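Residue numbers (full-length UniProt numbering): 1 to 520.
Dropping the structure here:
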């Protein structure tokens, strides 16, 4: 009895060829196949090039493989192409451009693998002699896994932690996401958070989210532990040029507890419960070629928070604004063709916290609390200083500031014999900053519970603090280090040398490890 076999099949009694022979055969088949594939691709490109101006109409779009995705979610993306094509003067080039744009939008939802294939064909049910320009479009997609679990450890910023993450993707078939995170560490004793987000009107650049959190963080630089519980609502949107915006509301119960025996009177005065009810606004424009290892471009980011004023309620009231600007320029090397990998970057951060009354009347405002003030110093902003090492202090405790400014300049150089494409760089840096509190915070009689300031007093004290930021030399340090830019975070190992340390501030000479996303 005869048996059908494909070329290369061996008889059942024959031994399998050794791996070396198998690999040689595979290479030979690949060498024979690749020229045919290249010729086919060239013919297709030539065919499309010759027919770019061919008038066409779109008969239908079919999507295969979207088993868990709602049709009502996909229709707003592709239905307009079918409806408009009946009356639009489409050419083949226009049609491919429109379909390609819809596919690019579909990929932004992160629910499909990026290998989305597009196939054009003539409708089989139509007479080509009466509708010669009609085309069908078929998309072949492959959905990503709906459940992702991840665990790991982090080390950096003087803290080690272990974390677990669960992500549910495309929950209701409309690119909805549910992310649940839990972590425990040496400083963040425990942290739990959950966020549900969904796009609006099938728009990947417009998302609404609901989140909740509960955490316990030890803050040794201020001799206390902070407990947080709360939730919020956020609306995120982005423009085609990449600019990002966010408007949100959050309500958070905070508790300063676990005070050390050496806690200062200021820390003890802020201990206990407080409720913050706030709305926030964020804007970010990022034109850098690589946020983790910028070689060219600039970034602008502003954050504004309004808490407790008027109908927001809560028991703390303030306006808090922060701005960050960063940029980098490449440095060409004479005689070296292409990018050198050498760049000079700089950054500037500044912020202000302005106390507000808890009602529309101007009946006085309470001084800001320890929870809300800016902390400055550490391996991710002003290197060469301890966490919270810059700014006012009460004994050994860092109190934070109401006004701050910090700047940095650095040079990144590729490692020898590695090249500019490597994620490693040698870093030379110099940075400095000032953090100032409103004067009445350093007076024990003004920090008593219930003490309020008049509107004129708040304004005068804030003007005085702002002026003080620019008075005298800031705390300054310089150093050298090694940078590794991972796609998820940036790692730095720096040796820092403090050059100027203001009275009472804590410098840190020697090695520092920094892990984070935003570095000064």
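Even for Gly, the Cβ is constructed at its ideal location relative to N, Cα and C. Because the structure is a prediction, the values reported are computed rather than measured.
Note on geometry: alpha-carbon atoms of residue 216 and residue 163 lie some 14 angstroms from one another.
From the listed residues 359, 427 and 518, the smallest Cα separation to residue 292 is found for 518.
Taking 8 angstroms as the upper bound for CB-CB distance, residue 297 and residue 251 are not in contact here, some 37 angstroms apart. The Cβ atoms of residue 259 and residue 271 sit closer than 9 angstroms to each other. By the Cβ rule, the stretch 373–388 counts as touching the stretch 402–416, because three or more pairs are nearer than 8 angstroms. The stretch 426–435 makes contact with the stretch 478–490, as at least three CB pairs between them are under 8 angstroms.
Scanning its chain for C-beta atoms nearer than 6 angstroms, with the 5 sequence neighbours on each side dropped, one finds around residue 375 the residues 388 and 400, in chain order. Excluding five sequence positions before and after residue 244, the CB atoms of its chain that fall closer than 6 angstroms to its own CB belong to 238 and 284, given in chain order. Distance from residue 68 to residue 170 at the Cβ level is roughly 6 angstroms; contact confirmed, criterion being Cβ atoms closer than 8 angstroms. Sixteen is the threshold: since fewer than 16 other Cβ atoms of the shown chains lie within 10 Å of the Cβ of residue 172, the residue is exposed.
As computed with DSSP, residue 165 is found in a beta bridge with 150 and 181. For the 9 angstroms CB-CB criterion, residue 302 and residue 280 do not form a contact. Taking residue 461 as the centre and dropping the five residues before and after it, the same chain places the C-beta of 438, 439, 440 and 453 closer than 8 angstroms to its C-beta, in chain order.
With a cut-off of 8 angstroms on Cβ pairs, the stretch 491–502 is not in contact with the stretch 197–215, counting fewer than three such pairs. Inter-segment contact for the stretch 112–119 and the stretch 133–142 is present: three or more beta-carbon pairs are separated by less than 8 angstroms. In this structure residue 76 touches residue 202 by the C-beta definition: roughly 4 angstroms separates them, less than 8 angstroms.
By the neighbour-count definition (other C-beta atoms within 10 Å, threshold 16), residue 83 is an exposed residue. In the three-state DSSP reduction, residue 142 falls in the coil class, being neither helix nor strand. Nearest neighbour of residue 74 by Cα position, chosen from 54, 107 and 269, turns out to be 107. In this structure, residue 218 places its C-beta atom within 9 angstroms of the C-beta atom of residue 187. In this structure, the CA atom of residue 58 is about 36 angstroms from the CA atom of residue 147. With a threshold of 16 other beta carbon atoms within 10 Å, residue 394 meets it and is buried.
For residue 270, the enclosing alpha helix (DSSP H) begins and ends at 265–270. Between the alpha carbons of residue 62 and residue 233 lies a gap of roughly 36 angstroms. Of the residues assessed, residue 276 falls on the buried side of the cut-off, its CB having 16 or more other CB atoms within 10 angstroms.
Per DSSP, residue 468 is one residue of the alpha helix (DSSP H) stretching across 455–469. The residue among 161, 56, 312 and 242 with its C-alpha nearest the C-alpha of residue 133 is 56. Measuring C-alpha to C-alpha distances from residue 299 to each of 287, 459, 269 and 469 identifies 287 as the nearest. Note on the stretch 226–285: whole alpha helix (DSSP H) runs with a minimum of 4 residues are 265–270, in chain order. Beta-bridge annotation (DSSP): residue 374 is paired with 401.
The Cβ atoms of residue 294 and residue 340 lie no closer than 9 angstroms to each other. Straight through space, the alpha carbons of residue 507 and residue 199 are spaced by roughly 46 angstroms. For residue 198, DSSP records a beta bridge to 208. Contact annotation: residue 370 and residue 222 have beta-carbon atoms nearer than 9 angstroms. For the set 220, 416, 378 and 421, the Cα lying nearest the Cα of residue 431 is the one of 378.
The bridge partners DSSP lists for residue 119 are 138.
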